[in-house]
Amino acid sequence: MLAAWAIAISDGVRAAVEQATGMAGSGPAALVAIVADPGMSIDELRRVLDLTHPGTVRLVDRLVEKGWIRRQQGIGRTMLLVPTRMGTKAERRLAAAREQAVKELLSAMPNGDVHTVAGLVEPVLGSAITDVDSMRRLCRLCNRKVCMDCPAALPEDR
Numbered sequence: 001m002l003a004a005w006a007i008a009i010s011d012g013v014r015a016a017v018e019q020a021t022g023m024a025g026s027g028p029a030a031l032v033a034i035v036a037d038p039g040m041s042i043d044e045l046r047r048v049l050d051l052t053h054p055g056t057v058r059l060v061d062r063l064v065e066k067g068w069i070r071r072q073q074g075i076g077r078t079m080l081l082v083p084t085r086m087g088t089k090a091e092r093r094l095a096a097a098r099e100q101a102v103k104e105l106l107s108a109m110p111n112g113d114v115h116t117v118a119g120l121v122e123p124v125l126g127s128a129i130t131d132v133d134s135m136r137r138l139c140r141l142c143n144r145k146v147c148m149d150c151p152a153a154l155p156e157d158r
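Shown next, in the form of structure tokens:
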């Protein structure tokens, strides 16, 4: 039942963020990751999304074409990814759609039960984090501004 619940939430969130951005697949997660960590490299983004380097470059090209991010020269051949004002606005629309999708799915539960479930899930999320890459992967669609006491923070940050 927990696996089915996770799939229902994942499917609902995926559909909402894809509709809000007009992008399927890893596009919405890439936008959130870049807004959350401006200046990440293509290789860092590749690890967050678990994509190949060429696949990540093609995705970055699409985000640049939409005007949501820009490339900035880093050290050596490293390209840094920075959100634009339009990208930040698109990420806010995505976040609102994500929150609405979760709210609708959880509306079948009494509010107190939602808080109980959140408390039960928190240590599980924390145990899934072993390094920066695993945190970024888990939180690839999170609103990090809302999650002040993040259960997925790195162990040294808790």
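Counted the way the UniProt record's numbering counts, the sequence shown spans residues 1 to 158. Note that the Cβ used here is the ideal one computed from N, Cα and C, for glycine as well.
So, at 6 Å on beta carbons, what are the nonlocal neighbours of residue i in its own chain, with the 5 sequence-adjacent residues on each side left out?
{"i": "Ala6", "result": "none"}
{"i": "Ile34", "result": "Ile69, Leu81 and Pro83"}
Does the separation of the CB atoms of residue i and residue j fall below 8 Å?
{"i": "Trp133", "j": "Arg47", "result": "According to the sequence displayed, residue 133 carries Asp and not Trp. Yes, these two residues count as a Cβ contact at 8 Å."}
{"i": "Val13", "j": "Val102", "result": "yes"}
{"i": "Leu45", "j": "Ala24", "result": "no"}
{"i": "Gly27", "j": "Arg62", "result": "yes"}
At which residues does the beta strand (DSSP E) containing residue i begin and terminate?
{"i": "Met86", "result": "Looking at the DSSP string, Met86 is not in any beta strand (DSSP E); the run it does join, the alpha helix (DSSP H), is Arg85 to Leu106."}
Taking only heavy atoms of the ligand ZN into account, decide whether any of them is closer than 7 Å to the Cβ of residue i.
{"i": "Leu2", "result": "Looking at this structure, you won't find the ligand ZN or any other ligand, since it has none at all."}
Can you tell me where the alpha helix (DSSP H) with residue i in it begins and where it stops?
{"i": "Arg58", "result": "His53 to Glu65"}
{"i": "Arg70", "result": "Counting along the chain, Arg70 falls outside any alpha helix (DSSP H), though it belongs to the beta strand (DSSP E) covering Ile69 to Gln73."}
{"i": "Asp50", "result": "Per DSSP, Asp50 belongs to no alpha helix (DSSP H) and is neither H nor E."}
{"i": "Met1", "result": "First-last for Met1: undefined, no H or E at that position."}
{"i": "Met135", "result": "Val132 to Leu138"}
{"i": "Leu125", "result": "Asn111 to Ser127"}
Spatial neighbours of residue i within its chain, please: CB distance less than 7 Å, with the 5 preceding and 5 following residues excluded, ordered by chain position.
{"i": "Gln19", "result": "Ala97"}
Within the same chain, show all residues whose beta-carbon is closer than 8 Å to that of residue i, passing over the 5 residues directly before and after it, in chain order.
{"i": "Arg158", "result": "Reliability fails at Arg158, whose pLDDT of 45 lies under 50, so the model's placement of it is uncertain and the value that follows must be treated cautiously. Excluding positions up to five away in sequence, the list reads Gly126."}
{"i": "Ala15", "result": "Ala101"}
Which residues share a DSSP beta bridge with residue i?
{"i": "Ser41", "result": "Leu80"}
Assuming residue i and residue j form a contact by the criterion Cβ under 8 Å, report the distance between their Cβ atoms to the nearest whole angstrom.
{"i": "Ile9", "j": "Leu138", "result": "With 8 Å as the limit, Ile9 and Leu138 do not qualify as a contact, their Cβ atoms being about 14 Å apart."}
{"i": "Thr78", "j": "Ser41", "result": "5 Å"}
{"i": "Ala95", "j": "Asn143", "result": "5 Å"}
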